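Data first, discussion second: the structure below is written as structure tokens.
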Amino acid sequence: IPEKGSPLWLFVLLGFVLLALALFFMVKILASQKAKKEKEAQENAEMSVPIEEQYLQELKETVDLNEPTLDGAKVFSQLSKMLRRFLHDRFDAPGLEATTSEVTQFLYDERFDDRVVNDIKEILSNADIIKFSGKPVDRPDVERTYTLIESIFQKSLRNEIGPENDSTVTDD
């Protein structure tokens with residue numbers, strides 16, 4: 224034990240302060256590493272869910288076909304944006320800023336099945352008409368569009384749509 228007035232007290236006190244700071248930073252670093260690992264685990268869990276499943280879930284959460292006061296124009300807009308985002312995220316198609324013609328031309332260029340491209344073209348064209356003309360939307364039109372988009376997501380999940388392989392294309 225240092226004597227009163229000795230500078231050794233100062234060194235003992237400084238040692239305790241340095242030890243406390245070292246412990247504080249060690250705890251902080253360990254907590255940061257733990258948070259980083261938890262975040263990575265969460266991201267990996269999200270990545271393990273196929274993108275199609277994510278979009279199917281979003282579709283079900285966004286549109287309630289049983290809603291009695293369904294706003295068809297609003298729903299068409301939501302469905303169109305969702306389909307465009309999906310095509311961009313899944314197949315690297317032009318995004319929301321692209322015209323319907325640009326999106327469908329991309330799909331043709333990438334050799335998507337004609338029937339799928341025609342379904343997508345129908346959905347996007349109808350959404351454009353509704354958006355720019357203010358045309359009223361009937362519930363059956365919304366239900367058909369919902370079903371088509373749901374089918375596109377499900378087919379993609381089963382790898383039934385997408386760019387065709389060159390080996391499947393035949394020359395006439």
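Residue numbers (the numbering used here): 224 to 395.
Glycine residues also receive a C-beta, built at the ideal position from the N, C-alpha and C atoms.
Being a predicted model, the structure only gives us computed values, none of them experimental.
Classify Arg381 as helix, strand or coil using the three-state DSSP reduction.
-> Stepping through the sequence shown from its first residue, residue 381 is reached at position 158. DSSP places Arg381 in coil when its eight states are reduced to three.
How would you call Phe355, buried or exposed, if buried means at least 16 neighbouring beta carbons within 10 angstroms?
-> Working through the sequence shown from its first residue, we reach residue 355 at position 132. Residue burial annotation: Phe355 is exposed, with fewer than 16 other C-beta atoms found within 10 angstroms of its C-beta.
List the endpoints of the continuous alpha helix (DSSP H) containing Ala350.
-> Taking the first residue of the sequence shown as 1, we reach residue 350 at position 127. Taken as a continuous stretch (DSSP letters only), the alpha helix (DSSP H) holding Ala350 covers Asp337 to Ser356.
So Ile343 and Thr327 are in contact, right, with Cβ under 8 angstroms, and what is the actual spacing, rounded?
-> Here the question's residue 343 lines up with position 120 in the sequence shown. Here the question's residue 327 lines up with position 104 in the sequence shown. Correct: roughly 7 angstroms between the Cβ atoms.
Status (buried if at least 16 other CB within 10 Å, exposed otherwise) for Ala316 | Taking the first residue of the sequence shown as 1, we reach residue 316 at position 93. Result: buried.
Just how far apart, CA to CA, sit Asp361 and Gly385?
-> Translated into positions along the sequence shown, residue 361 becomes position 138. Translated into positions along the sequence shown, residue 385 becomes position 162. Cα to Cα, the separation comes out at about 30 angstroms.
Buried or exposed: where does Tyr278 fall if 16 or more other Cβ atoms within 10 Å of its Cβ makes it buried?
-> Within the sequence shown, numbered from 1, the residue matching residue 278 stands at position 55. Its Cβ being crowded by 16 or more others within 10 Å, Tyr278 is buried.
Below 9 angstroms between beta carbons: does that hold for Pro273 and Leu347?
-> Taking the sequence shown and counting its residues from 1, one reaches residue 273 at position 50. Taking the sequence shown and counting its residues from 1, one reaches residue 347 at position 124. Against a cut-off of 9 angstroms, the Cβ pair of Leu347 and Pro273 comes out as no contact.
List in chain order: all unbroken alpha helix (DSSP H) runs of 4+ residues lying wholly within the region 269-294.
-> Runs found: 274-285.
Look at Ile375 and Phe309 and say whether their C-beta atoms are less than 9 angstroms apart.
-> For the purposes of this step, residue 375 is identified with residue 152 of the sequence shown, where counting begins at 1. For the purposes of this step, residue 309 is identified with residue 86 of the sequence shown, where counting begins at 1. Cβ atoms of Ile375 and Phe309: closer than 9 angstroms.
If Arg307 sits next to Gly295, beta carbons under 8 angstroms apart, how far is it from one beta carbon to the other, in whole angstroms?
-> Stepping through the sequence shown from its first residue, residue 307 is reached at position 84. Stepping through the sequence shown from its first residue, residue 295 is reached at position 72. With a Cβ gap of about 18 angstroms, Arg307 and Gly295 do not count as contacting.
Do you know offhand how far Met249's Cα is from Thr322's?
-> For the purposes of this step, residue 249 is identified with residue 26 of the sequence shown, where counting begins at 1. For the purposes of this step, residue 322 is identified with residue 99 of the sequence shown, where counting begins at 1. Taking the straight line joining both Cα atoms gives about 54 angstroms.
Alpha helix (DSSP H) segment containing Thr323, residue limits = Numbered from 1 along the sequence shown, position 100 holds the residue referred to as residue 323. Where Thr323 is concerned, the enclosing alpha helix (DSSP H) stretches over Thr323 to Asp332.
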